[in-house]
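In my numbering, the protein residues as written are 13 to 305.
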Amino acid sequence: MPRSNDSHDQPNESIAAGPMSPAFPEQKRSVIWDVPFDHTTLDEAVDRIESLVRQGTPSYVITANLNYCMLNHRDRDLRPVTEDADLILADGQPIVLRSRMSKAALPERVAGSEMIYNIAERCRDHGWGIYFLGGEPGVALKCAEQLVAMYPGLKIAGVESPPFRALNEAEQVEQDQRIQQSGAAILLVAFGQPKGEKWIHKNYKRLGVPVSIQLGASFDFIAGTAKRAPLVWQKIGMEWAYRMCSDPKRLVPRYALNATFLLGALVEDWKRLVTGWGMGDWSNDSDPNRPSR
Numbered sequence: 013m014p015r016s017n018d019s020h021d022q023p024n025e026s027i028a029a030g031p032m033s034p035a036f037p038e039q040k041r042s043v044i045w046d047v048p049f050d051h052t053t054l055d056e057a058v059d060r061i062e063s064l065v066r067q068g069t070p071s072y073v074i075t076a077n078l079n080y081c082m083l084n085h086r087d088r089d090l091r092p093v094t095e096d097a098d099l100i101l102a103d104g105q106p107i108v109l110r111s112r113m114s115k116a117a118l119p120e121r122v123a124g125s126e127m128i129y130n131i132a133e134r135c136r137d138h139g140w141g142i143y144f145l146g147g148e149p150g151v152a153l154k155c156a157e158q159l160v161a162m163y164p165g166l167k168i169a170g171v172e173s174p175p176f177r178a179l180n181e182a183e184q185v186e187q188d189q190r191i192q193q194s195g196a197a198i199l200l201v202a203f204g205q206p207k208g209e210k211w212i213h214k215n216y217k218r219l220g221v222p223v224s225i226q227l228g229a230s231f232d233f234i235a236g237t238a239k240r241a242p243l244v245w246q247k248i249g250m251e252w253a254y255r256m257c258s259d260p261k262r263l264v265p266r267y268a269l270n271a272t273f274l275l276g277a278l279v280e281d282w283k284r285l286v287t288g289w290g291m292g293d294w295s296n297d298s299d300p301n302r303p304s305r
């Protein structure tokens, strides 16, 4: 498995080798709790990512779950990151269920932990390289090795797990060079929310990789250092409960905050609904930070 500083594939040659995709039509979006989600299925999302790779202009994708909605609501610095994203996927069943209360329901949940396999297969088919960045030491490498075993011929443009501290200037320059020279078509980042999304937003144009995506725990799931919920838990929208039980010390406080946010957001939704019925003004329009739509 090549390390990041040993891989020097040239991305533009491999990306340009196939026929260019036609301009992708503008995506329909629904705003749920102030996050504009694209109407897309898993297969359509991967098609969109392929189109972005072929365009060659640096772009990034956000897989947004309920926690991301809460962070976007509370953290003003995250809002420009959300606004500038080229594709925002609903990686949470509560988001999909909430969209069904409107006239434009999202078609399905698009989980990053599932999409990573489709991306690997698509990259293998087109000869495109993937750069794995983040995670605990050894996790990104194990994830890359597992994907190569599943999709023989998949190109690994680079693998590294940088320290959790901020890099100094010299280290950042070296990391930039590794990524820029790697030939990667896609940069997969596992820095956690919202650190990963903010890092991508700050660096993606300079790095020049066609598509960057923060994928959270996907590296751990594939590497086997974390276990994803059984399918039945996923289908009933209780994957969060399974994960919480598997790592209560870290996840119970997070999910408690998520639940509080969700309850408040649903109350605001109900108030606007009642207001729309002409039963008085129940909305909190005076609060600029409230979840909306």
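Backbone N, C-alpha and C define an ideal beta-carbon position, used for all residues, glycine too.
Source: prediction; values computed, not measured.
Which residues bound the alpha helix (DSSP H) around residue i?
i    : result
G208 : K207 to L219
Q184 : E181 to Q192
D7   : Beyond the ends of the chain as shown, which are 13 and 305, falls residue 7; an answer cannot be given.
L109 : Q105 to S111
P92  : R91 to D96
A235 : S230 to A235
Quick one, which of the options has its alpha-carbon nearest residue i's?
i    : options                   : result
L166 : R136, A235 and H213       : R136
I61  : N270, E157 and W140       : W140
D98  : V58, A132 and S111        : V58
P48  : D103, E280 and A132       : D103
A202 : P222, A178, Q187 and P174 : P174
F176 : G147, P92, L199 and S230  : G147
K184 : Y163, W211 and I142       : Going by the sequence as given, residue 184 is Gln instead of Lys. It is W211.
E186 : D89, E172 and A197        : E172
L275 : R110, T94 and V93         : R110
Rounded to whole angstroms, what's the CA-CA distance from residue i to residue j? Just pull it up for me.
i    : j    : result
W45  : R86  : 11 Å
E181 : R218 : 15 Å
K214 : A161 : 33 Å
V73  : I100 : 6 Å
N77  : Q105 : 8 Å
A35  : R66  : Annotation note: pLDDT 47 at A35 (below 50); position unreliable, no value reported.
I131 : I107 : 23 Å
A268 : I168 : 38 Å
S33  : S63  : With a pLDDT of only 44 at S33, under 50, the local geometry of the prediction cannot be trusted, and no value is derived from it.
N79  : N270 : 6 Å
D188 : K40  : 34 Å
L145 : M127 : 17 Å
M82  : I225 : 19 Å
N84  : A229 : 19 Å
E280 : D96  : 26 Å
Q158 : P70  : 27 Å
G68  : R134 : 16 Å
L179 : F233 : 26 Å
T272 : R91  : 20 Å
Y143 : I198 : 6 Å
G195 : V221 : 8 Å
V93  : G170 : 25 Å
G236 : H138 : 27 Å
S42  : R88  : 20 Å
S114 : Q192 : 43 Å
Y129 : L118 : 22 Å
What three-state label does DSSP hand residue i in the structure shown?
i    : result
G124 : helix
S42  : strand
T75  : strand
A35  : Per-residue confidence for A35 stands at a pLDDT of 47, beneath the threshold of 50, marking its modelled position as unreliable; no derived number is given.
Y163 : coil
A178 : coil
D50  : strand
L269 : helix
L99  : strand
K154 : helix
A1   : Nothing about residue 1 can be reported from this structure: the residues present for the chain run from 13 to 305 only.
D137 : helix
L354 : The displayed coordinates of the chain run from 13 to 305. Any statement about residue 354 would go beyond what the structure contains.
L118 : coil
G30  : With a pLDDT of only 40 at G30, under the threshold of 50, the placement of this residue in the model should not be trusted, and no figure is reported.
Between which two residues does the beta strand (DSSP E) holding residue i run?
i    : result
Q226 : V223 to Q226
K167 : K167 to E172
G146 : G141 to G146
L199 : A196 to A202
Please indicate yes or no: does the CB of residue i lie closer than 7 Å to some heavy atom of the ligand SAM?
i    : result
K167 : Of ligands this structure carries none, so the ligand SAM is not represented either.
Per the contact definition of three or more C-beta pairs closer than 8 Å, is the region 201–211 in contact with the region 53–67?
-> no
Evaluate the contact criterion for the region 106–124 versus the region 144–153: three or more CB pairs, one atom per stretch, below 8 Å.
-> no
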